[in-house]
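In this note's numbering, the protein residues as written are 61 to 761.
All C-beta atoms, glycine included, are put in the ideal place defined by N, C-alpha and C.
Reading through the C-alpha cells given below for one structure.
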Amino acid sequence: MSSFNVETDSAKLGFEILDNHKIILTTVGTNDLSKVDAELKQHMTLTEVQITGRNFHHKGLSFVDTNPGRDLTYVRHTIEENRAGKLLKVVQEGENRQLEVTNFYQLYQNTPVVRSWVSLKNIGNEDLGIEYVSSFAISGVNQADDLGGNYSEDNVVYIPNNDWTAEAQWKADSLKDAGLDYWVDGEKKQASTKRISITNNSSWSCSEYSPNGILVNTRTNQAAVWQIENNGAWHYELTDIGRGNLLALRLSGPEELDNHWWKNLTVGQSFTTAQVAFGQVKGDVETALDAMTTYRRNIRRSNEDDQKLAVIFNDYMNGLSGDPTTAKEIPLIDAAKKVGCEYFVIDCGWYAPGYWWDSVGEWQPSEERFPGGIEKLIQYIRDQGMTPGLWLELEVIGIKSPLADKLPDDWFFMRHGKRVIDADRYHLDFTNPAVRQFADEVVDRLVKQYGVGYIKMDYNITTGIGTDLDSNSAGDGLLKHNRAYLNWLDDVFKRYPDLVIENCGSGGMRHDYAMLQRHSIQSMTDQTDYVRNGNIAAVGASVVTPEQCAIWSYPLQKGDDEEVIFNMVNAMLLRIHQSGLLNKVTGHRLELVAEGIKIYKSYRDKIPTMLPIWPEGLSQLDDPWFSYGLKGNHELYLAVWRGVSDEEGHQLDLSQYGSVESIEQIYPSEDHQTSYALNGNNLQLVFSKPKMARLYHVKLK
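Dropping the structure here:
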C-alpha cells in the first residue's frame, strides 16, 4: 500500500494504492477520509465504467460497483505543472488489458474546485459497448469528521430547478426528505437501491435543472459543490455504497439508462467524457458558490467583453417583440444613445416581412422591413457611437423554409428514418461539414457585409433524445452534434476574436459551462414580469458569473418611477440588457434609466473580480423581500428588493462579511419613499410600498 497527494495553494487531492493494486480517492479539499478502515476503502472506486455484457455488482439502478470500473487496477500517474496549477493523470487498466482508463484532474491555484474528466481507450482485440462512464466519482462525500453520523439527516442537498422564465430556483431538502434514508438494510450488510437522480435530456442543457448541485453537512459545516459541462444531456446521482454507510456522488455526461447514450468503442478507439467540476470546502452554500465562481472565471475564454461589461440595448423585450422596421428602430436607437447604451441589437424578425417562425433558415434581410437595405440601418447605429448587433437562430430550419425541401436529410436530426420536428422546425446536425460551412457563411455575411459586432445566438427548440443517423445510439448522435457545435463555435471566435456572441436558449435554457467557457454573455431569462425578473436576477450569479449574466431592464410605457427603478436595479449588479420602448418613456422616468446606466458605469470595472453574496440565502420566485450583492476589497454593493409584500420594514444582517463602517444609497440618488439605517452590522430598511428596489454601497472596516 502507498499513497500520494497533489496540492496547490487552494486545492488538494489525496490517493491511495491498495494492496490489490486498486487506486482510490481518499481526500478532496477539506474532505479527508485517508484514515477510514480497509473495508470502506475497497468501495472508494476512482472511476465507474460499465461495459455491455459485464456483470453489474449491485442491486438497483445506481452507477456504483460497475464492471470493470470497480476492478480497475492502477498502472501509473503523472503530475504536470501548468499556468493554472497542476494537472494529474492517473492511468488504470481493466482485466485482460482490454480497456485503458485515464483520469484527468486539473487543480487550480486560486480555488479548491477541481476539474475532472476521463478518457477510455480500447486496447484489446474486440469492440466494447460503453453504457456508462463517470467524469468524476467520490465515495464518502461530506463524511470527513462525520463518518459515524447519519448522512441522511446531516446533509442538505441544494438542486437548481429550471423552468422557462423561472431559472435557477434552488430547492433544498435533507437527503432523508429527498428520499435517501440512512443504512436501510436491517443487517447493515448491503447498500440500498435508492438514488437521488438528477438528469437532463435533449439539447437544452438546463431545461429542468441547471447542471449544478450543492451538498451541505449541517453538522460539520462542510460543503460540496459541483457542475457538469455539457451542452446537451447529462446525469448525476447521490446514493449509498459499500454496506450502505458511504455516501457516493457520481457525475457524468450522457449514459444509456437515463439519456439513451450508448457507445461502441472499436479496437484502438478512444472516448473522452464531458468535463465536470467538483470541490469540497469548509463553509456554507455561499462559500461553495464563491469557489465555483472563481473556477468558472478560470475556464472561460479570455475576452474583453467580460472586462468592459458594455451596456447593451436589445429591441425585443416589452419592445418591438420581433417586429423591427427602420421606422421603428430609428427612434429607439436615438433613445438608447441618449441613456448611454453602447451596443444596439436588432432582435428577431429582420429576415421576413411577416410571420416567420416556421419559415426561418435563409437569414436574408427583409426589404419590406428595411427599405434601402439593413446595412443602412446598421450604419446609422454605428454613426450614433454604438456597436450594432443582430439576432440569429442558426441551428434550425423552419418546416416552411424554402431551404427545407432543398436540403438532404443528412443535414438534419433523424430518428427511425424521419426528420425530427420540434415546434415547426427541423434541427441542423453540425457533424455534417456542409452544415458548418453554411453556418460559417451566415456569420461571415453578418460580420463582413452587414458590419455587426454582436450576435444574439438564440435557440428555441430542442432535439429530444438525439439523432440515430450515423450514430451508435440517439444519445451518441446528440453528443457528437453537441461537440461539433462547440468546435464550430471555437473556429468562429478564432476568426473574429472581438465578436460578442450572446448565448441564449429561450433565455436561460442552455447556460451550461460547455457554452459559457466560450460565450462571454448569457441571456438569463425571458421573464416578462419585472418583479419576477428581479427574483431571477437575485440568483442568476449562482449559476453564471455576474459579468456574464445578462438581465433585462425594460421600463414599461405606462408606469411610475418605482417601476423604472425596480427594472434598473434588477440588472445593475450583473450585465444590463436594456430594452423597452425607451422612445415612449419620457420625463423623469427616462432620466432614471440614464442615471442607472451612469451609476453602473462608475463601478462595473470591479464586477469581474467581485464575488456574489446572498445575505438572506438564495431567494425564490415570488419571495416578498430578497437581496443579492457583490463583495470586494472592504466593500459591498448590495441590491434589496421588496416584492409583493405587506411588510414595509426589513432587516439584513451583514456581519458575515465583516464590520460595517458606512452605507450609502447609490441608486436612485433622490429618494423620498424609503429609509435605511445601520444598527451595528444590521441594515434596517423601510420601503413605503410593494414593488420597490434600491442599490447600496457598503464600506467595511
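DSSP state of residue i mapped onto helix, strand, coil
| i | result |
| --- | --- |
| residue 227 | coil |
| residue 474 | strand |
| residue 665 | helix |
| residue 517 | strand |
| residue 331 | strand |
| residue 394 | helix |
| residue 525 | coil |
| residue 373 | strand |
| residue 498 | helix |
| residue 340 | strand |
| residue 212 | helix |
| residue 545 | helix |
| residue 303 | coil |
| residue 96 | coil |
| residue 540 | helix |
| residue 741 | coil |
| residue 615 | coil |
| residue 205 | coil |
| residue 624 | helix |
| residue 110 | strand |
| residue 734 | strand |
Limits of the unbroken beta strand (DSSP E) element including residue i
| i | result |
| --- | --- |
| residue 672 | 671-673 |
| residue 486 | 485-487 |
| residue 31 | Since the displayed the chain opens at 61 and closes at 761, residue 31 lies outside it and no answer follows. |
| residue 710 | 709-713 |
| residue 191 | 188-193 |
| residue 275 | 272-277 |
| residue 355 | Taken as a continuous stretch (DSSP letters only), residue 355 belongs to no beta strand (DSSP E), being part of the alpha helix (DSSP H) at 345-359. |
| residue 136 | 133-141 |
| residue 182 | 174-182 |
| residue 595 | Premise fails: residue 595 lies in the alpha helix (DSSP H), 590-600, not in any beta strand (DSSP E). |
Own chain partners of residue i with C-beta closer than 6 Å, once the 5 adjacent residues on each side are dropped
| i | result |
| --- | --- |
| residue 123 | 108, 192, 310 |
| residue 188 | 111, 182, 325 |
| residue 699 | 629, 633, 688, 755 |
| residue 664 | 369 |
| residue 692 | 666, 670 |
Beta-carbon proximity check, residue i vs residue j, cutoff 9 Å
| i | j | result |
| --- | --- | --- |
| residue 586 | residue 537 | no |
| residue 653 | residue 727 | no |
| residue 548 | residue 499 | yes |
| residue 597 | residue 546 | no |
| residue 106 | residue 93 | no |
| residue 491 | residue 540 | yes |
| residue 610 | residue 577 | no |
| residue 284 | residue 340 | yes |
| residue 224 | residue 265 | no |
| residue 459 | residue 418 | yes |
| residue 68 | residue 154 | no |
| residue 379 | residue 619 | no |
| residue 291 | residue 204 | no |
| residue 562 | residue 516 | yes |
| residue 194 | residue 322 | no |
| residue 273 | residue 286 | yes |
| residue 96 | residue 207 | yes |
| residue 376 | residue 423 | no |
Where the alpha helix (DSSP H) through residue i begins and ends
| i | result |
| --- | --- |
| residue 751 | Counting along the chain, residue 751 falls outside any alpha helix (DSSP H), and DSSP gives it neither H nor E. |
| residue 701 | Premise fails: residue 701 lies in the beta strand (DSSP E), 695-702, not in any alpha helix (DSSP H). |
| residue 442 | 434-443 |
| residue 423 | No alpha helix (DSSP H) contains residue 423, which DSSP labels as neither H nor E. |
| residue 640 | Here residue 640 belongs to no alpha helix (DSSP H), and DSSP marks it neither H nor E. |
| residue 283 | Unbroken run through residue 283 is the beta strand (DSSP E), 282-289; no alpha helix (DSSP H). |
| residue 149 | Looking at the DSSP string, residue 149 is not in any alpha helix (DSSP H); the run it does join, the beta strand (DSSP E), is 145-153. |
Cβ distance (whole Å) where residue i is taken to contact residue j below 8 Å
| i | j | result |
| --- | --- | --- |
| residue 217 | residue 275 | 5 Å |
| residue 173 | residue 337 | 5 Å |
| residue 333 | residue 313 | 6 Å |
| residue 760 | residue 720 | 6 Å |
| residue 513 | residue 560 | 7 Å |
| residue 672 | residue 353 | 6 Å |
Cut-off 8 Å between Cβ atoms - residues of its own chain near residue i, not counting five sequence neighbours on either side
| i | result |
| --- | --- |
| residue 703 | 591, 594, 595, 682, 683, 684, 685, 686, 750, 751 |
| residue 240 | 212, 252, 254, 255, 256, 298, 299, 300 |
| residue 695 | 757, 758, 759, 760 |
| residue 571 | 227, 265, 266, 270, 563, 565, 582, 584, 603, 604 |
Proximal residues to residue i (C-beta, below 7 Å), its chain only, five neighbours per side dropped
| i | result |
| --- | --- |
| residue 367 | 668 |
| residue 330 | 179, 180, 181 |
| residue 388 | 380 |
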